[in-house]
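These notes are about the structure you will find just below.
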Amino acid sequence: MNPGRPAWAVTAVVACSTAATPRLVAQVKAAVDLGVSNVHYDGFLPSTAAAVSPSFRWASPRALVVANGSYLRFASGNRSLQANMSGSFFSAPLGRWTGELSALAGASQYRDFTGFSHALLTGRIHLDGARTGAWIGGTSGTTSFVNAQRPVAALLAGMWRRQFTATWLTNASYTRVGDSAYTDVEGATRAVRGRFTFDGSLGARVWSRGGGHGVYGEASGSYAVGPWIALVLAGGRYPTDPTRGSVAGRYLTLSVRLTALPGRAAPPPLILPRPAIHHSSPSSDDPPAVSAELQDDGGFVIHAAARTVEIEGDFTDWQPLLLSERDPAGWVLPLPLAAGTYRFSIRIDGGEWFVPAGVTKVPDEFGPGTVGLLTVP
Amino acid sequence: MTTVHRVASLALAATLLVTGVARAQDPRLLHRLDSTTLAAVGALLDSARTAELPVEPLVQRALEGAAKHAEPDRIVAAVRRLAGELGVARDALGRESSPAELDAGASALRAAVRPEDLTLLRQRRTQSLTVALAALTDLVVGGVPPDSAAAAVLALAARARDDQIADFRRAVERDIALGATPAAAAAVRVDATLHEVTNAAANPNTPRKP
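Shown next as structure tokens:
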């Protein structure tokens, strides 16, 4: 979407199909975006560009691996190539606390002569609740421009909140890259409604020494035409990133995203080990903002921005079952449901079990909370 | 009788006993419940089969309790209570009721709907009752008094389709979420739905949702 930025900068789409390897007890998703962008880098003339951007994501409750790339072909014939890969490991929850250690490496090249690469290690501590959470952490690493290496260090803090079908995020960071230093403050949101997904962010570089100043913001909307294809319109302005070597600019992109569906490979339902302690949903009047939807075609979808979504209920013999990720915030039950009434609960990212919005909640006979009641006609 | 014969007889009796118990039990329960709970739940399943009640909801309730590490007594009590509710639902809805209807009926009874209202619903609606019963349960759980909820669903039962009943339930929930009192929301929305049902019947060519 953002052609000047690494990784998630995706423009046009063709789906590649990295099918899920059944042996991976996790969610695997692969996609390719193909699109056309209008790009205006600061200090350059506007240009159109075509892009191919593959991406890959593997997620389990304790680990997350993301790889993505972007190939841009400008109207001038010049090209830009970017690739990033990151891996995160999450510790076992200690109450509401979770630790995260992640490593990120990437490289970019413009034409045949300008090349950046970077390797970063980040540690974060998360304090997560059902609806809100916060984290604090730090990053250390190195970035190189051609053969000149510069150290990278950053302090990060942020918080998130789920409300209705949207997730809101605010974060602040202080980053030093060699002699440059800057402080960014940013807010972001993701909202899902039916086939539409909206992502938006607004930020400001409030202080800088050699990293530029200004306000920036990006927005993208996608419409899922089918289970494996979506149209994406994205645009906005982004700041200079000295770590990854991207220059500030503006862009507008129209693309098509093709997503490989693990379900097509027909892997068996994935059963995760049960944790030692089961928490039923707290009987709060303020439920987490994750919603469930029984669709006209009989599909059961959980709308949640999450790394993993598990469900257990009368249709899984009360064993946790990992849902299949249909789109960035849509998780599908990989089983057909016969007509009937079913009790169930879900959990997000290995957290506590609860009942999503959109279904009836009835008292849990085995605990203080509630269970969901789903009726399939 | 020789010692060998006595041992053989005991072994045969034990084998018959074990196979009898195993036949009564669902294999999914074998490794999820302790032996005492398994025996008690197995007896309840046997009783349900004898009474021609659906057994799967009972198995699932026991599995749910096991998954939540509930006390054995609590699991057995939950299964016994559900078996009783399924029996009452069957008596109210009739022996021809489907397992899905009985399960939905048991949920409605649990929510404090009266058995007589289930019987009235069966009398007034020729289609499957699963969605209507679920809507009734949802309304009561959502705060609509049971008698008001039953009156509303019974008013729709004869002519409304399942999707219209489901839309009615959603509309009531939305009104409640926006601040309406549950009883008032049900009363207003049932009138609107009846109007829609009547108009749809009078104008069959009016476009509808697919």
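Protein sequences, first through last, are from chains A and B. Just so you know, we're using the numbering used here here: the first sequence kicks off at 1 and counts up by one. Just so you know, we're using the numbering used here here: the second sequence kicks off at 1001 and counts up by one. We put the beta carbon where it would ideally sit given N, CA and C, even for glycine.
Q) Which two residues bound the contiguous beta strand (DSSP E) that contains E1116(B)? A) The sequence position of residue 1116(B) within the second sequence is 116, counting from 1. Where E1116(B) is concerned, there is no enclosing beta strand (DSSP E), although the alpha helix (DSSP H) around it starts and stops at P1115 to R1124.
Q: Could you have a look at T1130(B) and say whether DSSP puts it in helix, strand or coil?
A: Working through the second sequence from its first residue, we reach residue 1130(B) at position 130. Residue state, collapsed to three classes: helix.
**Q.** Proximity of V1141(B) and V362(A) at Cβ, strictly below 8 Å
**A.** Here residue 1141(B) is taken as the residue at index 141 of the second sequence, counted from 1. Here residue 362(A) is taken as the residue at index 362 of the first sequence, counted from 1. One thing to note: V1141(B) has its Cβ within 8 Å of the Cβ of V362(A).
Q: Please list the segments of the beta strand (DSSP E) lying wholly inside the region 32-82 of chain A, counting only runs of 3 or more residues, in order along the chain.
A: For the region 32-82 of chain A, the full-length beta strand (DSSP E) segments reaching 3 residues or more read 47-60 and 63-74 along the chain.
Q | DSSP bridge partner residues for D297(A) (one or two, in chain order) | A | Numbered from 1 along the first sequence, position 297 holds the residue referred to as residue 297(A). None; D297(A) has no bridge partner.
Q. Leaving out five residues before and five after G129(A) in sequence, what residues of the same chain have Cβ atoms less than 7 Å from its Cβ?
A. Here residue 129(A) refers to the residue found at position 129 when the first sequence is read from its first residue. Answer for G129(A): R96, listed in chain order.
**Q.** CB of R1159(B) within 8 Å of CB of A1171(B), strictly
**A.** Residue mapping note: residue 1159(B) aligns to position 159 of the second sequence, counting from 1. Residue mapping note: residue 1171(B) aligns to position 171 of the second sequence, counting from 1. Between R1159(B) and A1171(B), the gap from beta carbon to beta carbon reaches 8 Å or more.
Q) Do you know how far the Cα of W58(A) is from the Cα of A204(A)? A) Taking the first residue of the first sequence as 1, we reach residue 204(A) at position 204. Taking the first residue of the first sequence as 1, we reach residue 58(A) at position 58. Distance between the alpha carbons of A204(A) and W58(A) is about 31 Å.
**Q.** 8 Å Cβ shell around A1135(B) - same chain, five flanking residues per side excluded
**A.** Reading the second sequence from its first residue, position 135 is the one you call residue 1135(B). If the five residues before and after A1135(B) are omitted, its C-beta is found closer than 8 Å to the C-beta atoms of V1153, I1165, A1166, F1168 and R1169, all from its own chain and listed in chain order.
(Q) Once DSSP output is grouped into helix, strand and coil, what is the label at T259(A)? (A) Here residue 259(A) corresponds to residue number 259 of the first sequence, with the count starting at 1. For T259(A), the three-state secondary structure derived from DSSP is strand.
Q. Can you give the beta carbon distance from V247(A) to Y41(A), rounded, assuming they're within the 8 Å contact cut?
A. As a first step, residue 247(A) is located in the first sequence; it is residue number 247 there, counting from the start. As a first step, residue 41(A) is located in the first sequence; it is residue number 41 there, counting from the start. Yes, V247(A) and Y41(A) are in contact; Cβ-Cβ is about 5 Å, under 8 Å.
Q. Which value, in whole angstroms, describes the spacing of the CA atoms of G340(A) and R1081(B)?
A. Counted from its first residue, the first sequence places residue 340(A) at position 340. Counted from its first residue, the second sequence places residue 1081(B) at position 81. Taking the straight line from one Cα to the other gives about 19 Å.
**Q.** DSSP-derived helix/strand/coil call for T308(A)
**A.** Residue 308(A) sits at position 308 when you count from the first residue of the first sequence. Residue state, collapsed to three classes: coil.
Q | Neighbourhood of N38(A) by C-beta, 6 Å cutoff - its chain only, sequence neighbours within 5 removed | A | As a first step, residue 38(A) must be located in the first sequence, where it is residue number 38. Answer for N38(A): T48 and L252, listed in chain order.
Q: Compute every distance between the C-beta of V1153(B) and the non-hydrogen atoms of the ligand COA, then say whether any falls below 7 Å.
A: You won't find the ligand COA in this model; it holds no ligand whatsoever.
Q | Residue burial classification, V232(A) (beta-carbon count within 10 angstroms, cutoff 16) | A | To locate residue 232(A), count along the first sequence from 1; it is residue 232. Within 10 angstroms of the beta-carbon of V232(A) lie 16 or more other beta-carbons, which makes it buried.
(Q) Could you tell me the alpha carbon to alpha carbon distance between T189(A) and S1148(B), rounded to whole angstroms? (A) In the first sequence, the residue the question calls residue 189(A) occupies position 189. In the second sequence, the residue the question calls residue 1148(B) occupies position 148. C-alpha separation (whole angstroms): 41 Å.
**Q.** Contact check, G99(A) vs A134(A), beta carbons under 8 Å
**A.** Taking the first residue of the first sequence as 1, we reach residue 99(A) at position 99. Taking the first residue of the first sequence as 1, we reach residue 134(A) at position 134. The Cβ atoms of G99(A) and A134(A) lie no closer than 8 Å to each other.
Q.
Between P377(A) and chain B, is the shortest Cβ-Cβ distance under 8 Å, so that the two count as touching?
A. Within the first sequence, residue 377(A) is the residue found at index 377, counting from 1. So yes, P377(A) belongs to the interface.
(Q) Taking the beta carbon of D317(A) as the centre, do at least 16 other beta carbons fall within 10 Å, making it buried, or is it exposed? (A) Within the first sequence, numbered from 1, the residue matching residue 317(A) stands at position 317. Buried: at least 16 other Cβ atoms inside 10 Å.
Q) So, do the region 1058-1074 of chain B and the region 1037-1047 of chain B have three or more beta carbon pairs nearer to each other than 8 Å? A) Taking a contact to require three or more Cβ pairs closer than 8 Å, the region 1058-1074 of chain B and the region 1037-1047 of chain B qualify as touching.
Q | For T1137(B) and E1101(B), believed in contact at Cβ under 8 Å, the rounded distance | A | Numbered from its first residue, the second sequence carries residue 1101(B) at position 101. Numbered from its first residue, the second sequence carries residue 1137(B) at position 137. Between T1137(B) and E1101(B) the Cβ distance is about 12 Å, and since that is not below 8 Å, they are no contact.
**Q.** Nearest-angstrom Cα separation, counted from H1031(B) out to L81(A)
**A.** Locating residue 81(A) in the first sequence gives position 81, where the first residue counts as 1. Locating residue 1031(B) in the second sequence gives position 31, where the first residue counts as 1. In a straight line, the C-alpha of L81(A) is about 54 Å away from that of H1031(B).
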